[in-house]
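Engineer:
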Amino acid sequence: MLPLIFPSLALQCLEDNRMVVQLILDASCPSKSDQHDIPVNHRPNWMYLIDIKMICGGLTDGTNADEEIQKICNDVKSQAEQKTQKKYDVFVAKGYKSQVVAGTNYFIKVHVGGDDHIHMRVFQSLPHAGSVLKLADVQEDKTHADAIEFF
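If you use the working numbering, the sequence shown corresponds to residues 6 to 156, in order.
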């Protein structure tokens with residue numbers, strides 16, 4: 006009987022903004038009296054130290070919006086209109102910050118016409134949960150000069 010493999014991933018954020026990534030492969034076989042030569046649990050582990058610029062749970066530095074962020078805005082535009090009870094003829098992403106949690110929070114500055122802007126917090130679930138986008142919150146009455154901050 007072949008062993009079954011159960012992979013898992015463990016992540017640990019260090020104080021110096023590096024991340025330890027540990028890949029754990031659990032191989033196990035159903036226990037049978039005639040298969041004593043097959044290990045029931047064998048756990049080869051691989052551990053990597055990754056030097057990345059990231060603050061676990063914190064916001065990234067602000068950056069200009071790109072096509073991917075504009076697509077996120079387009080996907081949640083109707084949710085923003087419903088939440089603010091306004092119709093937006095202009096809806097252009099200008100900048101954003103992100104936060105890695107159990108998924109990703111995007112804090113996006115959006116130009117909505119004239120001198121008006123809104124800030125949106127959009128949550129994107131992890132791929133195994135469908136990468137679903139949900140508008141979590143909106144701040145109105147913002148200007149182009151207003152900094153994107155956690156809310």
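Every residue, glycine too, gets a C-beta built ideally from N, C-alpha and C. Here the structure is a predicted model, which is why all the values come from computation and not from measurement.
Span of the beta strand (DSSP E) holding Asp-66?
Structural biologist: That residue, Asp-66, is in no beta strand (DSSP E); it is neither H nor E in DSSP.
Engineer: Within the same chain, show all residues whose beta-carbon is closer than 7 Å to that of Ser-136, passing over the 5 residues directly before and after it, in chain order.
Structural biologist: Excluding positions up to five away in sequence, the list reads Gln-129 and Ser-130.
Engineer: Indicate whether Gly-118 and Asp-94 have their beta-carbon atoms separated by less than 8 Å.
Structural biologist: Yes; because the gap between Cβ atoms is below 8 Å, this pair is in contact.
Engineer: Determine which residues share a DSSP beta bridge with Val-81 and list them.
Structural biologist: None; Val-81 has no bridge partner.
Engineer: DSSP on Gln-144, reduced to helix/strand/coil?
Structural biologist: In this structure, Gln-144 counts as strand in the three-state DSSP scheme.
Engineer: Would Tyr-101 and Ile-74 qualify as a contact pair, given that the criterion is a beta-carbon distance under 8 Å?
Structural biologist: For Tyr-101 and Ile-74, yes; Cβs fall inside 8 Å.
Engineer: Identify the residues that DSSP records as bridge partners of Gln-129: which are they?
Structural biologist: In DSSP, Gln-129 forms a bridge with Thr-109 and Leu-138.
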